[in-house]
Amino acid sequence: MGSKTLFKINNVGFSYSLGSQKICALKNLSLEIPEGNLVTFSGPSGSGKSTLLNLLGLIDEVQEGEIHFLGEKFQKLSTRKKNRLRKKKIGFIFQSFHLVPVLTAEENVAYFLKRQKLSRKEVKKRTREALEIVGLWEHRKKKPLQLSGGQRQRVAIARALAKKPDVVIGDEITASLDQKTGREIMDILSKLVKNKKITVILTTHDSMVQSYSNLNFHIQDGELIETTREAS
Amino acid sequence: MSLIFLAFRNLFRNVRRTIAIILTVGLGAGALFSFEGFIQGIQDDYKDSTIHSHYGNGQVNTVGYRDTNHDEPWKHWITNYNELEDHLYELDGVDYVFPRISIAGMLKSKTTSVIGQGQGILPAYEAEFFHSLNIEEGSIEQRISNGILLGKGLAESLDVKIGDQIKFYTKTIKGKNNSGKFRVTGIFSTGMVDYDNRAFRMPLKKAQQLLKTNRIETVSIGLSDHVHWKDVADSVEDDFYDLEAVSFAVLDKIWYQNSMDWLNAQFRVVQIIILSIVLLGIFNTISSSVLERKQEIGNLRANGESGIDVIRLIVVEGFFLGFLGAIVGLSLTYGVAKGFLHEGILMPPGPGQSKQFFLKFEFNWQMLVSALSLSVLSATFASLFAGMKVCRMSIAKALRSY
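Protein chains in written order, with the numbering used here: chain A, 434 to 665; chain B, 2 to 403.
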């Protein structure tokens, strides 16, 4: 387990409107996420775990409190800096994969690398490496629709890994998969955390996913209820 | 992999949606293009009818003759007609040269007498060019030397029909009485009742004999294409200092130009309505298709693409779709107009006309460019609008959208 703090969250609050109703998704939530861990946020639907994940991934704006990422305060970052962090430092894995359907597995992984203006050689190297880690190099020429759900999720993981991010964030990534495939995905992520020292943060309902985590935050009604640390 | 490459690949992602957009843009571009072609067809046909009904492409008179009332008009008629004719036939585009003189007098049938104002012309020769003169009965050609064509109202006043004889009384240029016998060979109408009530046409030679002159009042010119008019007019005025050449549009200003202006004003209103419907249709289809892709856009942004880059991607896609749709629509429209409808659409008689006619779609590059650019611009602008709308959403909200 790494000792450096990746995320420091202080008194974060977040609310949104649903019709005329104001929903308080997070209330004064504070926690720290050290790097090199497989971290999970568990809790029932509507508990606020996905909202917290969105804030950590810079895909929603912090309303109250502070979030620090590697010492940098999110609220102080310019839009350009946020875009750059999302492009280079944060990898995303979504429940519904969000692969570009017209691109092959290889192109899906390579696209955002090319957008980082990396050299052709570097793009090729990273793409191959990422697809080999998830065991899909043989299927690199297939488009998402020609792949199974588990394979698509593995392409999404490869896409996130190829950036060589500091953190990979995933929202309910096994929810669309069967238990066996979900386990395969978690095996890959678990190995990554161990071998590549990447921090992986996931939200989940699934106890199987939770069983892989070194650090679990149980959230309910927007509040941190329990923190569980386990030896990896 | 550039944004442009991805934008291009995205066109083939949802084939049904792409086809729907291409059809919408294509129909819109085709509607604009065909309506422009239709208007041009009407204008060209009307212009052609006017040229071929009376004036020709233009006329030559002595300078100032048309603008002044003269006590003795024949003193201002053209004296060097043969020289002018030779000169005209040497110019590019001149197919016909028609000498004419005015002649007034009394026409007498078995039952009545009517004062008329007519012209002496070369009937058989004029028949080759003035094919859109509305001949109600008989023939324009007047192949017999004493044939006469009467305006419809004049024929009715005289109560004569084809083949009947009439007598014509006039004065020579010196003021002496003269007369001749004629046989009615045709009855024409121009749509202008006043004119038809007194107009007639007789052979030029006969008219010159009756007036006892060898001068020519007016020379009408028939061109292969009206584009030659300016050069012809300039050449006549440069080489014959006492002559002026005036286009048919000026000679027939009240009827031709006003009718054209009136028609154009109506067409413009319809065109604005069509344009609004087309642009709104394209705008709606394209922007809906972009707004359906919020999740995908959210994903691009979550992975670090800036809002500007995403908008650029969507705008490039919109441009491609607009261009592709417009090309498809314009090609199909052109193909249908020049293939399936190559003979034109049967139309009712135009203003002042008595015959139905086949309207052909007439296209030019300006119409093509205008239909193409309007379609492409509206598709591009719709993409920009929808792209900006989606990019204003938070990424999380875009990702949650369905």
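All C-beta atoms in this analysis are idealised placements derived from N, C-alpha and C, irrespective of residue type, glycine included.
From a predicted model like this one, the values you see are computed outputs, not experimental measurements.
Check                                                                                                                             : Outcome
Alpha carbon of Val-316 (chain B) to alpha carbon of His-651 (chain A), nearest angstrom                                          : 43 Å
Partners in chain A for Ile-396 (chain B), counting only beta-carbon separations shorter than 9 Å                                 : Asn-487, Gly-490, Leu-491, Ile-492, Asp-493, Arg-519
Three-way DSSP call (helix, strand, coil) for Gln-653 (chain A) in this model                                                     : strand
Neighbour flag for Phe-1 (chain B) against chain A, beta carbons, 8 Å                                                             : Given that chain B is displayed from residue 2 to residue 403, the structure contains no residue 1 (chain B) and the question cannot be resolved.
Near the ligand ATP: Ala-303 (chain B) beta-carbon under 7 Å from a heavy atom                                                    : The model depicted lacks the ligand ATP and carries no ligand whatsoever.
Short CB-CB distance (under 8 Å) between Arg-14 (chain B) and chain A                                                             : yes
Residues that Leu-333 (chain B) bridges to, as DSSP identifies them                                                               : The partner list for Leu-333 (chain B) (beta bridge, DSSP) is empty, contrary to what the question assumes.
is_contact[Ala-303 (chain B), chain A] using C-beta, thresh 8 Å                                                                   : yes
Near-chain A residues of the region 290 to 316 of chain B - C-beta to any C-beta below 9 Å                                        : Gln-296, Glu-297, Gly-299, Asn-300, Leu-301, Arg-302, Ala-303, Asn-304, Gly-305, Glu-306, Ser-307, Gly-308, Asp-310
Outcome for Gly-435 (chain A) when other beta-carbon atoms lying within 10 angstroms are tallied against a minimum of 16          : The pLDDT assigned to Gly-435 (chain A) is 46, lower than 50, so where the model puts this residue is not dependable; a value taken from the coordinates is nonetheless given after this. Gly-435 (chain A) comes out exposed.
For Leu-108 (chain B) and Leu-445 (chain B), believed in contact at Cβ under 8 Å, the rounded distance                            : Here chain B comprises residues numbered 2 to 403, so residue 445 (chain B) is not present and cannot be evaluated.
contact_flag[the region 8 to 27 of chain B, the region 494 to 506 of chain A] where n(CB pairs < 8 Å) is 3 or more                : no
Start-to-end residues for the alpha helix (DSSP H) that takes in Met-368 (chain B)                                                : 366 to 393
Beta-carbon proximity check, Ala-380 (chain B) vs Lys-295 (chain B), cutoff 8 Å                                                   : no
Beta-carbon proximity list for Tyr-335 (chain B), same chain, < 7 Å, skipping 5 on both sides                                     : Phe-364
Residues of its chain near Ala-21 (chain B), where Cβ-Cβ distance is below 6 Å and the 5 sequence neighbours each way are ignored : none
Neighbour flag for Phe-502 (chain A) against chain B, beta carbons, 8 Å                                                           : no
Phe-545 (chain A) vs Lys-520 (chain A) beta-carbon contact at 8 Å                                                                 : yes
Span of the beta strand (DSSP E), counted from its first residue to its last, around Thr-447 (chain A)                            : Reading the sequence as shown, one finds Phe at residue 447 (chain A) and not Thr. Looking at the DSSP string, the run of the beta strand (DSSP E) that includes Phe-447 (chain A) is 438 to 451.
C-beta neighbour in chain B for Gly-435 (chain A), strict 8 Å                                                                     : Caution applies to Gly-435 (chain A), whose pLDDT of 46 falls short of 50 and renders its modelled position unreliable; the value that the coordinates give is listed next. Closer than 8 Å: no.
Partner residues on chain B for Val-535 (chain A), Cβ-Cβ distance less than 7 Å                                                   : Arg-10, Asn-11, Phe-13, Arg-14
Beta-bridge pairing of Glu-497 (chain A) - partner residues as DSSP gives them                                                    : A:Gly-446
Beta-carbon proximity check, Ala-538 (chain A) vs Arg-573 (chain A), cutoff 8 Å                                                   : yes
Cross-strand partners of Glu-245 (chain B) (DSSP beta bridge)                                                                     : B:Asn-62
Span of the alpha helix (DSSP H) around Val-556 (chain A)                                                                         : 553 to 566
Beta-carbon proximity check, Leu-244 (chain B) vs Val-61 (chain B), cutoff 8 Å                                                    : yes
Chain B residues whose Cβ lies nearer than 8 Å to that of Tyr-645 (chain A)                                                       : The contacting residues do not exist; Tyr-645 (chain A) stays about 23 Å from chain B at best.
Thr-607 (chain A) in three-state terms, based on DSSP                                                                             : coil
Euclidean distance between Cα positions of Asn-1 (chain B) and Asp-253 (chain B)                                                  : Within the shown structure, residues of chain B are numbered from 2 to 403, placing residue 1 (chain B) beyond reach of any answer.
C-beta contact flag for Tyr-82 (chain B) and Phe-99 (chain B) at 8 Å                                                              : no
Presumed contact (8 Å Cβ cut-off) between Ile-136 (chain B) and Gly-121 (chain B), rounded CB distance                            : That pair is no contact at about 18 Å.
Residues that Pro-100 (chain B) bridges to, as DSSP identifies them                                                               : B:Val-220
Leu-325 (chain B): contacting residues in chain A (beta-carbon distance under 8 Å)                                                : What Leu-325 (chain B) touches in chain A: nothing, since even the nearest Cβ is about 16 Å away.
Endpoints, the alpha helix (DSSP H) within which Asn-11 (chain B) is located                                                      : 4 to 11
Thr-512 (chain A) vs Thr-637 (chain A) beta-carbon contact at 8 Å                                                                 : no
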